[in-house]
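Right, dumping it as structure tokens:
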């Protein structure tokens, strides 16, 4: 990994953190909570990362990112359903863990099925 | 007698900004930065498609839900998670627009259209939720 790659990663991190904070602040001021929840699953990291990819790399990479992101988006929906079901039962910390595991299972499973197993 | 559910249109309460503390924002910044860097590293090491999957990783959801539960209770954390389900579904629309349009029209325009597509889909899903399950979008309680 070159110094240039490390620099791009640093910009990615800075942009990702900033976008997440901006969406979180918007989510804080809107109500009701179900509406502010939309912003908890906003494409903040995606907008930041794709902007950096377009600025420093190429459109083809951005397109391939989006192909993978479709799979991740399906996982995100399942993860949020799991969070909504689990949180009233086991509280936020355990509910969040269940949701993360669910995202991993669905996203990695779909990735394998679509991009590896299907070949 | 409790008030009737009032789904209505979402409102803005700017005074809530005073309740936000720097530590909470720092936690979210760190999660967002970590996922962005992680997606970038995986994109280089494994492939752009694999890294791209992590652009839809629920980075701040667990932190947000835990903070909301600690500050405002389990009910509001649950309502937030229900909203996130809709935002998550709309995320696939964002990615689908990017996949279909990158390489065909100006890249910044693609990002703008994808973001608008996400917002439009999220709002439509929220309107459906407010219509069919009004108690989940009750401004009186949440």
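Residue numbers (the numbering used here), protein chains in the order written: chain D, 4 to 122; chain V, 10 to 151. Even for Gly, the Cβ is constructed at its ideal location relative to N, Cα and C. Just so we're clear, the structure is a prediction, and the values are computed from it rather than from any experiment.
Check                                                                                                                                                                                 : Outcome
Decide if residue 92 of chain D is buried, meaning its Cβ has at least 16 other Cβ atoms within 10 Å, or exposed.                                                                     : exposed
Helix, strand or coil, according to DSSP, for residue 20 of chain V in the structure here?                                                                                            : strand
Mind checking which residues open and close the alpha helix (DSSP H) that includes residue 40 of chain D?                                                                             : 36-43
Would residue 106 of chain D pass as an interface residue toward chain V - the criterion being a Cβ-Cβ separation below 9 angstroms?                                                  : yes
Quick one: list the residues of chain D neighbouring residue 122 of chain V, beta-carbon separation under 8 angstroms, in chain order.                                                : Those within 8 angstroms of residue 122 of chain V in chain D number zero; the least Cβ separation is about 12 angstroms.
Whose C-alpha, out of D:113, D:30 and D:18, is nearest the C-alpha of residue 88 of chain V?                                                                                          : D:30
Leaving out five residues on either side along the sequence, give the residues of the same chain with a beta carbon under 7 angstroms from the beta carbon of residue 110 of chain V. : 119 and 122
If we call anything under 9 angstroms between Cβ atoms a contact, is residue 95 of chain V one with residue 46 of chain D?                                                            : no
Do you know whose CA, among D:32, D:83, D:105 and D:79, lies nearest residue 101 of chain V's CA?                                                                                     : D:79
Any chance you could list the alpha helix (DSSP H) runs of at least 4 consecutive residues sitting entirely within the region 75-110 of chain V, in chain order?                      : 83-110
Hey, is residue 129 of chain V's beta-carbon within less than 9 angstroms of any beta-carbon in chain D?                                                                              : no
How would you label residue 125 of chain V, buried or exposed, when you count the other beta carbons within 10 angstroms and need 16 or more for buried?                              : exposed
Answer with yes or no whether the minimum CB distance from residue 103 of chain D to chain V is below 9 angstroms.                                                                    : yes
Consider the Cβ of residue 30 of chain D: report whether some Cβ of chain V lies at a distance smaller than 9 angstroms.                                                              : yes
Sort V:131, V:137, V:143 and V:138 by Cα distance to residue 43 of chain D and report the nearest one.                                                                                : V:131
Return helix, strand or coil for residue 69 of chain V, following the three-state DSSP convention.                                                                                    : coil
Exposed or buried, which one is residue 70 of chain V when buried takes at least 16 other CB atoms within 10 Å?                                                                       : buried
Please check if any C-beta of chain D sits within less than 9 angstroms of the C-beta of residue 64 of chain V.                                                                       : yes
Tell me, please, whether the CB atom of residue 140 of chain V is closer than 9 angstroms to any CB atom in chain D?                                                                  : no
When Cβ atoms are compared, which residues of the region 75-90 of chain V fall closer than 9 angstroms to chain D?                                                                    : 75, 76, 77, 78, 79, 81, 83, 84, 85, 86, 87, 88, 89 and 90
Count the other CB atoms, across all protein chains shown, that sit within 10 Å of the CB of residue 67 of chain D; report buried if there are 16 or more and exposed otherwise.      : buried
From V:115, V:91, V:147 and V:113, pick the residue whose C-alpha is nearest to that of residue 134 of chain V; which is it?                                                          : V:91
Please identify the residue among V:37, V:62 and V:104 whose C-alpha is closest to the C-alpha of residue 72 of chain V.                                                              : V:37
Run through DSSP, which three-state label would residue 70 of chain D get?                                                                                                            : helix
Residues of chain V with CB closer than 9 angstroms to the CB of residue 78 of chain D, please, in chain order.                                                                       : 62, 65, 66, 67 and 97
So, at 8 angstroms on beta carbons, what are the nonlocal neighbours of residue 113 of chain D in its own chain, with the 5 sequence-adjacent residues on each side left out?         : 74, 77 and 78
Do residue 50 of chain V and residue 41 of chain V have their C-beta atoms closer together than 9 angstroms?                                                                          : no
Flag this pair as yes or no: are the beta carbons of residue 102 of chain D and residue 89 of chain D separated by less than 9 angstroms?                                             : yes
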